[in-house]
Amino acid sequence: MTEIERIDQLREDLHLHNYNYYVLNTPVISDKEFDDLMRELQDLEAKHPERYDENSPSMRVGSDINKNFTQIAHKYPMLSLGNTYSQAEVTEFYERVCKSLNEDFEICCEMKFDGTSISLTYEHGKLVRAVTRGDGAKGDDVTDNVKTIRTIPLKLHGEGYPDSFEIRGEILMPWEVFEELNRERESREEPLFANPRNAASGTLKLQNSSQVAARKLDAYLYYMLGESLPCDGHYENLKEAEKWGFKISPITRKVHSLQEIFDFISYWDVERKNLPVATDGIVLKVNSLRQQKNLGYTAKSPRWAIAYKFQAEQALTKLLKVTYQVGRTGAITPVANLEPVQLSGTIVKRASLHNADIISSLDLHLGDSVYVEKGGEIIPKITGVEPSMRIAGSEKVTFITHCPECGSKLVRYEDEAAHYCTNETLCPPQIKGKIEHFISRRAMNIEGLGPETVDVFYQEGMIQNVADLYQLKAEDIARLERLGEKSAENILQGLERSKEVPFERVLFALGIRFVGETVAKKLCRAFPSIDLLSGASLEQLVQTDEIGIRIAQSILLYFSDEKNRCLVERLREAGLKMEADAEDRSGYTDLLAGSSIVISGVFQHHSRDEYKALIEKHGGKNVGSISKKTSFILAGDNMGPSKLEKAEKLGVRIVSEDEFLQMIGNE
Ligand code: IVH
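Final position of the sequence shown in the numbering used here is 698; the numbers increase by one with none missing.
And the structure:
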């Protein structure tokens, strides 16, 4: 490979790694490897100035992609809690406290929230900093992102708060939001978050705070620190904090005996399943700050508090066999078939094994006794094998080499954990999966049709792809067993109605890899017809908000395939919408075309999300951080001092809310 070719290769790779890291939050190489590649590129570019490219990934170093958050030292270290798992250990803790204090004391019982911890600093009633736990001594400054969390007050109300104090708590992604986010990621075929904790911490580290805002995080505050707190009691301080606007968990109880602690634990061990957020235990804290001080700390954790962790419900059962599912994209998912076992109120028969690496790291053998857990995850998983119960001579589970459905040889792309069957047009589950996706509620929403009917039509040779649906005849459907005339009528009506489905959903329904609902919407704004989209170049595609190189390449690949072009044509002929309606497009201008705009601060007239939408509507691009390329900053009140400083340094213009509204011709 020549040096020039290497430059191109490095640029392409680094674009992809940036995308994996910053957009998907799933880096596939270490920071060090990334830095090494970047350095190699910079050295080669220095040697070959004729290859200058203003879009090279190297151009972003030190500007908008210098995304490493600033590290801030914690004024008080962020310690963790000692964990206990049994009544006996809780009793030990209680007795130790009793003995050390040798006086009456109260214990505050709280939920242990399973999110990501945060330390907030308030000065003169204003939020000035939000820092992650980091290594306990120093953490990342995520102030801008935290400011998007609506339950965290930017300005305190009431009175009596100290001039300066810290308050710590947990940032959480409610179950509902988590499930919705994963559904969305699934439709874009992005890796799912395993649990709300990972989703919350991943979100907090996103670079674009408007994206953070969209993910609807929540927070509970549970620990106040400072020189002049209002009360001696931890519980009482939190009650004060509640009056200043903080969200404090209502499940906080002061108790005076071991029995009351056990009652609290056993009640919430069950009842927590009805809470909107994930919890993984109970925290017990000696209430008086004076007594806390007397008890002091070990190197790692306070002696005045302890966590009691709920038992992740686990069951031991037998692995009967491993089967393999083929998804609509050809991705192969191995599934453990288990001897049915009762776990957290349901009977578990199957567990996902995710991919080949997981199977080999578990060293699974058929007939093994395996531990299954549900934990914070929705799908049960195998957490381990009981070695003492292995049957001598049992067969080791090895990943299949060929598709279980069509027999094609499987491939594994570099940097991907999954194996794929690439026989897209002939492999039955891929064909059926694509049709099922097309008819699904969020896509074409074809009433009367479901996966079972699709299966029957496919078995009968009536459909091979989604365009065939529109050629179905009432009499052909009616003659099928279990269907009849009424169903035939419903299905044809459903298909007829689907011709009114807006273009953005048709685009989503096509099932182009990585084009989920949100991406389809964005694409539809930028390319309001299928002809504009199929004719777009890589450069044009990546200019679109939130469209990275991976999505762009997938779109190009889709339209480069004659079969897909043909399919689109047949759908167009059938009467499906292949362009956005005029009313969907109305109000769109290019007043902000080519502008990269940073949003900062708090606004009077519209929310941040609304401003983001307005920017896009007028052809601009909302970006997360300030760089030389930023056209201007749309600034509300309380724009962060670090942003202000950076804007001044780079000479980026600051535009007020009113000025901005004038620019786009709104009042
Ligand atoms: S108090 C010095 N209270 O658990 C004690 N922590 O291992 C400070 N956590 O990092 C923490 N719920 O992220 C406290 N009600 C609660 C909590 C809680 C969850 C987390 C927190 C901390 C970890 C301790």
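Where a beta carbon is used, it is the ideal one built from N, C-alpha and C, also for glycine. Please read these numbers as outputs of a predicted model, since none were measured by experiment.
Residue i, DSSP secondary structure in three states
i	result
CYS597	helix
LYS157	strand
LEU622	coil
VAL629	strand
GLY479	coil
GLU371	Per the sequence presented here, residue 371 reads as Pro, with Glu not at that position. The answer is strand: DSSP assigns PRO371 an E or B state.
ALA309	coil
ILE459	The question names Ile, yet the displayed sequence has Pro at residue 459. Of the three classes helix, strand and coil, the one that applies to PRO459 here is helix, per DSSP.
LEU256	strand
LYS130	helix
VAL54	Residue placement at VAL54 cannot be trusted, given a pLDDT of 44 that sits under 50; what the coordinates show is reported in the next sentence. Helix at VAL54.
TYR444	coil
LEU187	coil
ILE378	strand
LYS386	The question names Lys, but residue 386 in the sequence shown is Asn. Coil.
ASP689	helix
ASN653	strand
SER638	coil
GLY682	coil
VAL121	helix
HIS433	strand
VAL487	helix
ILE422	coil
ASN97	Annotation note: pLDDT 27 at ASN97 (below 50); position unreliable, coordinate value reported separately. Here ASN97 sits in coil by DSSP.
GLN102	strand
Selected residue, minimal CA-CA separation from residue i, among the options
i	options	result
PHE539	PHE691, GLY667 and ASN476	ASN476
ARG199	LYS278, ILE543 and THR283	LYS278
LYS553	THR575, SER131, LEU500 and LEU480	THR575
SER149	LEU110, ASN133 and GLU126	Here the sequence assigns Ile to residue 149, which means Ser is not the residue at that position. Per the Cα distances, LEU110.
LYS143	ALA250, ASN133, ALA245 and GLN238	ALA250
ARG228	GLU217, PHE124, GLU210 and ASN239	GLU210
PHE634	GLU215, GLU197, ARG596 and ASP689	ASP689
SER391	LYS316, THR348, LYS352 and VAL428	VAL428
ALA346	GLU676, PHE488 and LEU374	LEU374
GLY165	PHE100, SER218, SER131 and VAL686	PHE100
VAL366	ILE685, ARG581, LYS440 and HIS385	HIS385
LEU248	ARG556, GLY257, ASN176 and SER297	ASN176
LEU645	VAL686, GLY625 and ASN697	ASN697
LEU350	LEU369, ARG359, PRO333 and GLY361	LEU369
ASN133	SER297, GLY492, SER626 and LEU326	LEU326
LEU151	SER87, ARG472, TYR107 and ASN114	TYR107
Where residue i falls, given that 16 or more other Cβ within 10 Å makes a residue buried
i	result
MET420	exposed
VAL301	exposed
ILE466	buried
SER658	buried
LEU681	exposed
THR329	exposed
MET255	buried
HIS468	buried
ALA119	exposed
GLY191	exposed
ASP640	exposed
ASN268	buried
GLU7	With the chain represented from 32 up to 698, any question about residue 7 goes unanswered, as that position is not in the structure.
SER457	Note that residue 457 corresponds to Leu in the displayed sequence, not to Ser. Flag for LEU457 reads exposed.
MET32	exposed
GLU201	buried
ASP311	buried
Bridge partners - residue i, DSSP secondary structure assignment
i	result
LYS316	CYS139 and ALA336
SER591	Note: SER591 sits in no beta bridge, so no partner.
PHE341	Looking at the DSSP assignment, PHE341 forms no beta bridge with any residue, so it has no partner.
PHE196	TYR153
LEU675	Note: LEU675 sits in no beta bridge, so no partner.
ALA362	TYR451
SER148	GLU201
Pair every Cβ in the region 590 to 597 with every Cβ in the region 502 to 521, then say whether three or more of these pairs are closer than 8 Å.
With the cut-off at 8 Å, the region 590 to 597 and the region 502 to 521 do not touch.
Is the region 527 to 539 touching the region 549 to 567 in the sense that three or more CB pairs, one from each, lie closer than 8 Å?
Judged by Cβ distances under 8 Å, the region 549 to 567 makes contact with the region 527 to 539, as three or more pairs qualify.
Pairing CB atoms from the region 128 to 140 with CB atoms from the region 67 to 79, are three or more of them under 8 Å?
Output reads no: the region 67 to 79 does not touch the region 128 to 140.
Check whether the region 516 to 525 and the region 558 to 570 touch, using three or more Cβ-Cβ pairs below 8 Å as the test.
Not touching, per the Cβ criterion.
Segment contact, 8 Å Cβ cut-off, at least three pairs: the region 332 to 348 with the region 397 to 407
They touch, by the three-pair rule.
Contact the region 432 to 443 vs the region 355 to 367: 3+ CB pairs below 8 Å:
Yes: the two stretches touch, three or more of their Cβ pairs being nearer than 8 Å.
Can you confirm whether the region 126 to 135 touches the region 259 to 266 when touching is taken to mean that 3 or more C-beta pairs between the two stretches lie within less than 8 Å?
In this structure the region 259 to 266 does not lie against the region 126 to 135, because fewer than three pairs of beta carbons, one per stretch, are closer than 8 Å.
Is there contact here, the region 157 to 174 with the region 227 to 242, by at least three beta-carbon pairs under 8 Å?
They touch, by the three-pair rule.
Are three or more beta carbon pairs between the region 487 to 507 and the region 600 to 611 nearer than 8 Å?
Contact between the region 487 to 507 and the region 600 to 611 is present, because at least three Cβ pairs lie under 8 Å.
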